[in-house]
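Note that the protein sequences, when read in sequence, are chains A and B.
The letter at position 33 of the first sequence is residue 24 when you use the numbering used here, and the numbering goes up by one with no holes.
The letter at position 43 of the second sequence is residue 34 when you use the numbering used here, and the numbering goes up by one with no holes.
See below for the structure under consideration.
Number of protein chains: 2
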Amino acid sequence: MPSDQTPWRPIPEDVSLATVAARAGVSVSTVSRIVNGEMRRASPATVARVLEAVEAVGYRPNPVGRALKRGQSQLVAMIAANLDNPAMATIASSTEAALREAGYVMVLCDTHDRPELQDEYLEAMRAQMVSGYVLVAAVPSPGLSELSASRAPAVFVNRRNPGGSGAFVGIDDRAAGATVADYFIDRGRRALAVVFPRLGSSASRDRASGFLARLRERGWADEAIIQAAGDGRSHLQIGYDAGSRIFVGSDAPDAILSVSDQIAYGLNRRALECGLKIPDDCELVSIDGTPLNQWVAPWLKSIEIPYALYGAEIVAGLQLIWRGAPFGERLLPCKFG
Amino acid sequence: MPSDQTPWRPIPEDVSLATVAARAGVSVSTVSRIVNGEMRRASPATVARVLEAVEAVGYRPNPVGRALKRGQSQLVAMIAANLDNPAMATIASSTEAALREAGYVMVLCDTHDRPELQDEYLEAMRAQMVSGYVLVAAVPSPGLSELSASRAPAVFVNRRNPGGSGAFVGIDDRAAGATVADYFIDRGRRALAVVFPRLGSSASRDRASGFLARLRERGWADEAIIQAAGDGRSHLQIGYDAGSRIFVGSDAPDAILSVSDQIAYGLNRRALECGLKIPDDCELVSIDGTPLNQWVAPWLKSIEIPYALYGAEIVAGLQLIWRGAPFGERLLPCKFG
DNA sequence: GACAGATTGGCAAACGTTTGCCAATGTCAC
DNA sequence: GTGACATTGGCAAACGTTTGCCAATCTGTC
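Here it is in structure tokens:
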């Protein structure tokens, strides 16, 4: 609980519409209208006088007063599953930049993948009268259903809306999986494996199933492919555990698709412990491809998801929705290399 | 610019003090007082009736109205230099959790280390009437000076207030550097180096100078130690570039202190390219020690900074300041391993 | 000179909250 | 019965903004 006896108060934003109005010798309403660009409601002379006064006293509209009146703040909520994941941090960073550019302020919430916390945040953000929601890897929850039903402006990122439709920014996960399948086949790999979280997002699932589907198309039997699903929250651990199962015995794969960088890190660690060298003994391809890889994991080949571009797309999506235009989904192109 | 013709409006928080007041048959003021815990202003019967009504209609105070009246919102601004850095992401994540716990909402701003942007954000946050500021690796700027002068509640993290005093959460950087110096000496290392950013923060400087000072204490001449200062924003690149200078020639060091993980990543990459193996050919110790290291950089030994604990300390600091208590600095203990 | 119509600008209410002040009622002692 | 005093609760203003509506002035035409 915040202390009730706060000795410090923010410097009162001593310059308000009233200050400007007084200086320009007009009423508050006139200033408000001019500040909001409604120029036709005043004579050019008045407009000039008001703008001069605005400049002179350094007036900046108070977002709180405005929010109260308009019933909507300049805040946009980003509700992310796990900030500690570098991919999410990059998304957060680029979104923040794009929002600022558009005149909004980002509020960041980390749900740690927990539905109750997600709902708590959704409620809190609604109370803050946020203008929109950015849901990064949202989990199913009652509050999320309500949100969908309320038609509030929301953009889902990475994971589609678990319960229904909604604007989406991400990549073509199935195609990404398929690309890796083609790559492995064309390289003459014979023993394939795919590692993914058992309780994963739509994204994880689609990547794995796109991979398997393409293999099937090209004549591989499902049984020929090792599928290692891992439990738990940490992709690192999932990868490590999967490695424990995959790398033992004589039928170790010679090529593995890991649906995320972190799973690949875990796999590599276990591979090292088993005396296997990647990529020499077993090729490893992940889908993520954060820039850090080239520094700390040069052994990892990746489908590179352009997370740094997400922010711009997300904000473009929000803006479309705000003006009532439809925004289905935006799948960004990936580089494979 | 946000569209002016927004078709969607947040569901009006249809339940306000007035709703509760009507249902309980009392005035708005009474409800307000009771909701704020001022129980003595009403008879037990009234209190009960009001609380029942609050429950029944599901009343939640509107933070915007409250902020406008109080001149202070429940928002706390975190102004960080670079979210893409995993250490900062961890700090952001833990701070966010601690703030939520305390009933606050975190607004995240990424300055990309640019003073103008930092000032823009400081101004914007002031306009939002935030309750406090968390400045992670703040850079010197006019706005920051103003902030210090205004005595606004602020906690500096990692880097001390570049212009003056202020609450600080971090580690004992000089001691960390000294620890590494002792370690190298005790391990019998003979050719030492330290790599740091030329235009670094107080933290980087202190780590390097703590290292050098301890070496001096123990009889090493400054000239005997390779000091590689790097330019630029990216620590990865700084490390890589420093490696280019350090690893060539015959007098390569057998032990290096890197003041951050990322510099160490860059160093390692360059070492590999030079055919050197870490830690066999050259021991590398960094100060940071993010958990990711054990997965992707097992070759790296680190002073581990407990970033995940920062959030709690930061919020504790803010709360002390809010209630007028002094909060100088809090140096967290590090693990070396 | 009068009237229609456009132009210009102010009044006041409203958003949801907090809080100083006052009014009404109750309690007690004399 | 009267006065002092505590208890209980409401009125109304204020925070900074937006906006519907009305009033005043101006422009032009007959």
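Backbone N, C-alpha and C define an ideal beta-carbon position, used for all residues, glycine too.
Predicted, not measured: the structure shown is a model, and the values here were computed from it.
Where residue i falls, given that 16 or more other Cβ within 10 Å makes a residue buried
| i | result |
| --- | --- |
| Leu113/B | buried |
| Ala316/B | exposed |
| Ala199/A | buried |
| Ser85/A | buried |
| Val239/B | exposed |
| Glu43/A | exposed |
| Asp177/A | exposed |
| Arg32/B | exposed |
| Asn73/B | buried |
| Ser132/A | buried |
| Met120/A | buried |
| Lys292/B | buried |
| Leu126/B | buried |
| Val150/A | Looking at the sequence shown, residue 150/A is not Val but Arg. It is buried - the Cβ of Arg150/A has at least 16 other Cβ atoms within 10 Å. |
| Ser156/B | exposed |
| Leu190/B | exposed |
| Asp(-5)/B | Low confidence applies to Asp(-5)/B: its pLDDT is 37, below 50, so where it sits in the model is not reliable enough to give any reading. |
| Asp242/B | exposed |
| Asn152/A | buried |
| Gly161/B | buried |
| Ala39/B | exposed |
| Ser20/A | exposed |
Where residue i meets chain A, residues with beta-carbon distance less than 8 Å
| i | result |
| --- | --- |
| Ser64/B | Val55 |
| Gln119/B | Pro54, Val55, Val96 |
Residue i in three-state terms, based on DSSP
| i | result |
| --- | --- |
| Asp163/B | coil |
| Met120/B | coil |
| Val130/A | coil |
| Pro106/A | helix |
| Gly155/B | coil |
| Ser249/B | strand |
| Gln310/A | helix |
| Glu320/B | strand |
| Ala296/B | This sequence places Ile at residue 296/B; Ala is not what is there. Ile296/B: coil per DSSP, three-state reduction. |
| Ala72/A | coil |
| Ile269/B | coil |
| Arg66/B | The identity of residue 66/B in the sequence shown is Leu, whereas the question assumes Arg. Of the three classes helix, strand and coil, the one that applies to Leu66/B here is strand, per DSSP. |
| Val148/A | strand |
| Ile305/B | helix |
| Gly201/A | helix |
| Gly221/A | strand |
| Ser136/B | helix |
| Val38/B | helix |
| Phe327/A | strand |
Under 9 Å from the C-beta of residue i: neighbouring residues of chain A
| i | result |
| --- | --- |
| Cys100/B | Glu87, Arg91, Val96, Met97 |
| Ala166/B | What Ala166/B touches in chain A: nothing, since even the nearest Cβ is about 27 Å away. |
Span of the beta strand (DSSP E), counted from its first residue to its last, around residue i
| i | result |
| --- | --- |
| Gly210/A | Careful: Gly210/A lies outside any beta strand (DSSP E) and carries neither H nor E. |
| Leu275/A | 274 to 279 |
| Val6/B | From DSSP, Val6/B is part of no beta strand (DSSP E); its letter is neither H nor E. |
| Met97/A | 96 to 101 |
| Ile237/B | Taken as a continuous stretch (DSSP letters only), Ile237/B belongs to no beta strand (DSSP E), being part of the alpha helix (DSSP H) at 226 to 237. |
7 Å Cβ cut-off: residues of chain B touching residue i
| i | result |
| --- | --- |
| Ala288/A | Val287 |
Interface partners of residue i on chain B, CB under 9 Å
| i | result |
| --- | --- |
| Leu59/A | Asn53, Val55, Gly56, Ala58, Leu59 |
Any non-hydrogen atom of the ligand NAD closer than 7 Å to residue i Cβ
| i | result |
| --- | --- |
| Ser122/B | The ligand content of the structure shown is nil, which means the ligand NAD is not present either. |
Partners in chain A for residue i, counting only beta-carbon separations shorter than 7 Å
| i | result |
| --- | --- |
| Gly322/B | According to the sequence shown, residue 322/B is Leu rather than Gly. Per Cβ cutoff of 7 Å: no residues; Leu322/B is ~23 Å from chain A at best. |
Residue i: first and last residue of the uninterrupted alpha helix (DSSP H) it sits in
| i | result |
| --- | --- |
| Leu183/B | No alpha helix (DSSP H) holds Leu183/B; the beta strand (DSSP E) holding it covers 183 to 188. |
| Ile82/B | 77 to 92 |
| Pro54/B | 54 to 61 |
| Ile25/A | 19 to 26 |
| Trp286/A | 284 to 287 |
Residues in the stretch 61 to 85 of chain A with C-beta within 7 Å of chain B's C-beta atoms, listed in sequence order? Gly62, Gln63, Ser64, Leu74, Asp75, Pro77, Ala80, Thr81, Ala83, Ser84
Give the residues from the stretch 254 to 268 of chain A that approach chain B closer than 9 Å (Cβ to any Cβ), ordered along the chain. Tyr256, Gly257, Asn259, Arg260, Leu263
Beta carbons nearer than 7 Å to chain A: which residues of the stretch 212 to 239 of chain B have them? Leu227
Using Cβ-Cβ distances below 7 Å, what residues of the stretch 105 to 116 of chain B are close to chain A? Ala115
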